[in-house]
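Below: one structure, written as structure tokens.
Residue numbers (this note's numbering): 20 to 538.
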């Protein structure tokens with residue numbers, strides 16, 4: 020990294036997360052010589068929200084044989100017992116359409132889907148270390164390792180490892196990164212309307228204008244800004260816990276709208292949020308614990324609010340398709356909290372990195388009455404309701420098992436074990452993986468809402484990721500956008516792992532198009 024930022028750049032990328040690095044690498048690949056990344060955060064917060072992810076990438080693929088050449092954690096013996104079904108263009112398209120209610124922009128979604136496989140392999144060629152996600156996306160059933168939910172890839176050491184890889188790639192390619200440099204204005208040529216420079220606030224507080232052939236916005240959404248969350252997402256969102264970087268304040272979105280009349284798009288009242296440890300920091304992620312504050316084991320048990328009532332169908336779908344919406348459901352509960360409840364039948368199946376000692380405060384007991392009593396000390400207000408909830412839930416599970424004696428529990432598929440039966444159906448079903456909560460010891464975990472990223476953003480050209488002007492309905496010359504700032508892909512929900520893939524796909528397109536202006 021240079022000690023002083025230059026006066027000029029061929030391509031200037033604003034934001035140093037997954038999308039920003041992909042844009043810078045792509046621009047360099049396409050021949051741009053002076054490519055720099057600026058980030059408002061200090062260096063010890065490098066990586067944006069990407070650092071806090073599990074590093075999961077959703078991609079179209081042809082099955083195990085298509086993925087083995089780019090992963091580093093599968094030996095020959097292990098490969099023989101892995102089951103990974105191909106994930107086709109139609110599969111990805113159907114999943115995205117289903118979880119977004121058909122609202123995802125068709126051109127953006129097709130660009131994401133069709134380019135996903137090539138983009139992943141491009142990253143691997145540059146040195147990103149991919150692995151099969153055994154710990155998060157597979158269960159060993161009857162001696163076979165079964166991957167589920169259409170998602171198989173992650174990066175080594177998750178988001179932390181991904182950012183390490185990106186920094187090494189940037190160093191090798193001569194891409195310079197400047198931390199604590201905050202974009203404050205886009206400078207436009209009055210005659211052409213093109214972005215020709217970016218004004219930065221330097222670490223010493225002074226302003227400096229950097230001339231550039233093209234600028235790429237990759238600075239994240241407004242998820243760390245309580246005011247904007249309350250303004251756009253609605254009541255209670257100002258108290259949601261921030262999963263990642265505190266520097267995603269939405270400033271670049273507002274700058275683009277102010278300076279170039281950038282056209283807004285997407286679900287500005289929607290976001291990705293998860294069940295998050297209630298004891299996690301409130302306003303920023305913990306860089307050591309990172310994604311381990313996520314508590315996504317709910318399909319293996321039940322979730323109740325502080326009144327002791329269930330409020331979601333924990334088995335509605337594979338976790339990949341529900342975790343991004345259940346944070347909102349928790350936020351809307353009394354006190355913005357919930358309890359996840361498990362027994363000894365499913366506790367061993369909980370992911371260690373999310374539920375291990377030292378990461379989560381465990382509420383444990385040998386009997387259910389003792390567990391309920393312990394939960395009272397953690398905010399449960401109606402213990403009698405919770406006992407009734409568990410009792411009626413167990414009765415419904417038992418009745419379903421009696422009517423379906425051939426059914427068997429399998430967390431790697433939607434197994435159909437539910438609370439729906441002819442006699443004892445619950446008003447709010449658990450549609451899959453329903454087992455009784457009856458065998459001690461018992462475990463409860465207190466959770467709240469952790470916000471990941473916001474869905475509202477800017478309109479871009481699907482081919483170039485060029486930012487569209489609301490005044491002309493045409494691309495703003497010299498301005499591109501990628502990552503969380505792109506609006507129109509995700510509505511209400513998203514398929515797990517598609518956020519990083521989106522940042523990579525449109526970052527790559529943005530970098531390629533930006534370089535074409537200056538080469």
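Every residue gets a Cβ at the ideal spot worked out from N, C-alpha and C, and that includes glycine.
| Item | Value |
| --- | --- |
| How long is the line joining the alpha carbons of residue 380 and residue 475, rounded to whole angstroms? | 34 Å |
| Using the DSSP secondary-structure output, state which residues sit across from residue 512 in a beta bridge. | 510 |
| Have a look at 62, 466, 503, 472 and flag the residue whose alpha-carbon is nearest the alpha-carbon of residue 484. | 503 |
| Exposed or buried, residue 103, counting other C-beta atoms within 10 Å across all chains shown (16 or more means buried)? | buried |
| If we ignore side chains and look at the alpha-carbon of each, how far apart do residue 392 and residue 338 end up? | 29 Å |
| What distance in whole Å lies between the Cβ atoms of residue 196 and residue 216, which are believed to be in contact at a cut-off of 8 Å? | No, residue 216 and residue 196 are not in contact; Cβ-Cβ is about 19 Å, not under 8 Å. |
| Buried or exposed for residue 361, please, with buried defined as at least 16 other CB atoms from any protein chain shown within 10 angstroms of its CB. | buried |
| Leaving out five residues before and five after residue 401 in sequence, what residues of the same chain have Cβ atoms less than 6 Å from its Cβ? | 326, 327 |
| What are the start and end residues of each continuous alpha helix (DSSP H) run of 4 or more residues lying completely inside the stretch 230 to 304, in chain order? | 270 to 279 |
| Consult DSSP for residue 225 and reduce its assignment to one of helix, strand or coil. | coil |
| Please look up how many angstroms separate the CB atoms of residue 343 and residue 507, rounded, as I've assumed it's under 8 Å. | Between residue 507 and residue 343 the Cβ distance is about 17 Å, and since that is not below 8 Å, they are no contact. |
| When burial is assigned at 16 or more other CB atoms within 10 Å of the CB, is residue 541 buried or exposed? | Residue numbering for the chain in the displayed model covers 20 to 538; residue 541 lies beyond these limits and cannot be assessed. |
| Would you mind stating whether residue 350 and residue 468 have Cβ atoms separated by less than 8 Å? | yes |
| Shortest alpha-carbon distance to residue 398 belongs to which of 323, 191, 441, 25? | 323 |
| If you check the beta carbons only, do residue 526 and residue 41 fall under 8 Å apart? | yes |
| Cα separation between residue 431 and residue 151? | 15 Å |
| In whole angstroms, what is the alpha-carbon distance linking residue 284 and residue 529? | 18 Å |
| Are the stretch 230 to 248 and the stretch 29 to 36 touching, with three or more C-beta to C-beta distances below 8 Å? | yes |
| For residue 403, count neighbouring Cβ atoms within 10 angstroms of its own Cβ and tell me buried if that reaches 16, exposed if not. | exposed |
| Can you name the start and end residues of the beta strand (DSSP E) that residue 446 belongs to? | First-last for residue 446: undefined, no H or E at that position. |
| Taking 8 Å as the threshold, find out whether the stretch 450 to 459 comes into contact with the stretch 403 to 415 through three or more Cβ pairs. | yes |
| Return the CA-CA distance between residue 96 and residue 90, expressed in angstroms with no decimal places. | 15 Å |
| To the nearest angstrom, how far is it from the Cα of residue 570 to the Cα of residue 524? | In the structure displayed, the chain extends from 20 to 538; residue 570 sits before or after that span and is not available. |
| Let me confirm a value: residue 63 is counted as buried when at least 16 other C-beta atoms fall within 10 Å, else exposed. Which label applies? | exposed |
| So residue 366 and residue 464 are supposed to be a Cβ contact under 8 Å. How far apart are they, rounded? | That pair is no contact at about 11 Å. |
| Contact defined as beta carbons within less than 8 Å: I believe residue 291 pairs with residue 70. What is the distance between those atoms, to the nearest angstrom? | Contact doesn't hold; Cβ gap of about 16 Å is too wide. |
| Which one or two residues does DSSP pair with residue 488 in a beta bridge? | 281 |
| When you compare the stretch 71 to 78 with the stretch 130 to 144, are there three or more beta-carbon pairs, one atom per stretch, that lie closer than 8 Å? | yes |
| Scan the stretch 164 to 215 and note each continuous beta strand (DSSP E) run of 3 residues or more that stays entirely inside, going in chain order. | 172 to 174, 195 to 198, 201 to 207 |
| Rounded C-beta distance between residue 428 and residue 436? I'm assuming under 8 Å. | 6 Å |
| Determine contact between the stretch 194 to 210 and the stretch 267 to 276, defined as no fewer than three beta-carbon pairs at a distance below 8 Å. | yes |
| Determine the extent of the beta strand (DSSP E) in which residue 466 is found, giving its start and end residues. | 461 to 473 |
| Taking only the alpha-carbon atoms, compute the straight-line gap between residue 56 and residue 83 and give it to the nearest angstrom. | 36 Å |
| With a 10 Å radius around its C-beta and 16 neighbouring C-beta atoms as the bar for buried, classify residue 488 as buried or exposed. | buried |
| Residue 524 by DSSP, collapsed to three states: which one? | helix |
| Return yes when the Cβ of residue 466 is within less than 8 Å of the Cβ of residue 243, no when it is not. | no |
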